[in-house]
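Its first residue numbered 7, the sequence shown is counted upward by one per residue in our numbering.
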Amino acid sequence: METPNIATFDPKLSSSTKKFGCDNPICRSIHGTQSTCQDCKPGPDSNCTESCPGYSLEYGSGFTKGTLLSETLTFGDTTIPNLVVGCSDFSINIPAGIAGFGRDPPSLPSQLGLRKFSHCFLSRRFNDTTKSSPLVLYSGSDSDDKDEEIDGISYTPLLRNPNFSTFYYVELNNITVGGKDVEIPENYLLMRSDGNGGAIMDSGTAFTFLEKRIYEKVIGEIDNQVAHYRRVDDVEKSVKLCPCYEVPKEKAPFPKLGFNFKGGAKMDLPEVNTFWFIDNNDTRVACLAIVSGDGSGPISGGPSVILGNFQQQNFYVEYDLKNERLGFRQQDCN
């Protein structure tokens, strides 16, 4: 989202800014039981005058810290009072602003009571100029008899995970390379009883993440199907992506990577959503734009598959919160 003409926000100049007290449920939902409000005890007899402590968060390779506020925000012609926002006064490697779209109470969909939202990410490379595309928010009303559906969308149910309640989980049945099923044990893909494992759709993650045991199965099948291309180890070490292949400058065919979900929904990725292409003099290199962990020990905490935004380019993605389902279709988002 481009914000070229928005001035720096100073809460001292706003008549609608409010700080939260330590005993406010919003403060406790952010800081949990480890809140630094030592003199505040929950309950009807609480007489707390402390302000909610500041937050400090890591996001990807960035860091930000600031103060939690209640503020009135305007989106187009719509004005929303008492919206919970974070006002950061120090950030490293962080955009001018981040809108949270997870399932937790402070997120934008939760605060606005959205029934549905959707996005369509533009095609991008790493030397592109900044562009923006629409974000569609829909609240509707409970009296709606039925929701409008867009042609060509395939849906899969959204799942709940109490251990990681902010994520949008889906049931991933299998992964294909060039239409061939990758032989991945079922328990690698499913959400386990302890809440770990499973797959999520995440617009805030750049490259899709595969837990190492899944990742190795996928790249093994890709290697088998493109054995005629030479692996280039020096590029892999340089760009931190693997595998990388030397390919002709003209059209170089690659097998499609497919993600198949419960309910028959299938996301077949075009090669530009699967590989990052690097031109270098007379040669061209294609690197798989998917990452993994170090693989030490069993599956680490959290999801074992994270579908990132690079893979979601030129896909219309719809989060139907009312009907607890995720829909998508491939289209030109430009």
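Just so it is clear, CB atoms sit at the ideal spot from N, CA and C, and this is done for glycine as well. In this text the structure is predicted, and so the values were computed from the model without any measurement.
So residue i and residue j are in contact, right, with Cβ under 8 Å, and what is the actual spacing, rounded?
i	j	result
Pro-249	Gly-184	No, Pro-249 and Gly-184 are not in contact; Cβ-Cβ is about 15 Å, not under 8 Å.
Gly-68	Ile-36	Gly-68 to Ile-36, Cβ: 18 Å. No contact.
Gly-314	Ala-212	5 Å
Gly-27	Tyr-161	At roughly 42 Å, the Cβ-Cβ gap does not stay under 8 Å, so Gly-27 and Tyr-161 are not in contact.
Tyr-65	Ile-104	7 Å
Ile-159	Arg-34	Ile-159 to Arg-34, Cβ: 39 Å. No contact.
Leu-178	Phe-267	6 Å
Lys-18	Thr-73	Incorrect: roughly 11 Å between the Cβ atoms, too far for contact.
Distance check for residue j and residue i, CA to CA, integer angstroms please.
i	j	result
Thr-80	Asn-88	11 Å
Pro-31	Gln-117	14 Å
Phe-215	Asp-16	38 Å
Ser-94	Gly-308	27 Å
Cys-126	Glu-192	31 Å
Ala-102	Ser-244	29 Å
Lys-122	Lys-328	7 Å
Gln-337	Phe-321	5 Å
Asn-169	Ile-86	31 Å
Asn-287	Ile-156	44 Å
Lys-186	Gly-92	46 Å
Asp-350	Ser-145	What the structure shows of the chain is the stretch from 7 to 340, and residue 350 is not part of that stretch, so it cannot be assessed.
Ala-292	Leu-247	10 Å
Met-197	Phe-283	33 Å
For the beta strand (DSSP E) holding residue i, just list the boundary residues, first then last.
i	result
Arg-331	331-336
Asn-180	178-183
Asn-88	84-98
Pro-163	160-165
Leu-141	141-144
Leu-79	68-81
Asp-326	321-326
Assign residue i to buried or exposed, taking buried as 16 or more other Cβ atoms, counted over all protein chains shown, within 10 Å of its Cβ.
i	result
Val-142	exposed
Glu-324	buried
Phe-265	buried
Glu-217	buried
Gly-270	exposed
Pro-304	Residue placement at Pro-304 is flagged as unreliable, the pLDDT there being 44, under the threshold of 50; the coordinate-derived value follows with that caveat. By the 10 Å Cβ count, Pro-304 comes out exposed.
Pro-115	buried
Gly-203	buried
Ser-20	exposed
Ile-312	buried
Gly-38	exposed
Gly-108	buried
Ala-13	exposed
Phe-96	exposed
Considering just the uninterrupted stretch of the alpha helix (DSSP H) at residue i, what are its terminal residues?
i	result
Ser-4	With the chain running from 7 to 340 in the structure shown, residue 4 is simply not present.
Ile-206	Element bounds for Ile-206: not the alpha helix (DSSP H) but the beta strand (DSSP E), 205-207.
Ile-32	31-37
Glu-56	Taken as a continuous stretch (DSSP letters only), Glu-56 belongs to no alpha helix (DSSP H), as it is neither H nor E.
Leu-195	192-195
Leu-313	Not the alpha helix (DSSP H): Leu-313 falls in the beta strand (DSSP E), residues 311-313.
Leu-216	Element bounds for Leu-216: not the alpha helix (DSSP H) but the beta strand (DSSP E), 214-216.
Report the residue ranges of all beta strand (DSSP E) runs contained in full by the stretch 262-303; include only those spanning at least 3 residues, in chain order.
263-267, 272-275, 281-286, 289-294, 296-298
Could you tell me which whole alpha helix (DSSP H) segments of length 4 or greater appear in the stretch 218-269?
218-231, 239-245
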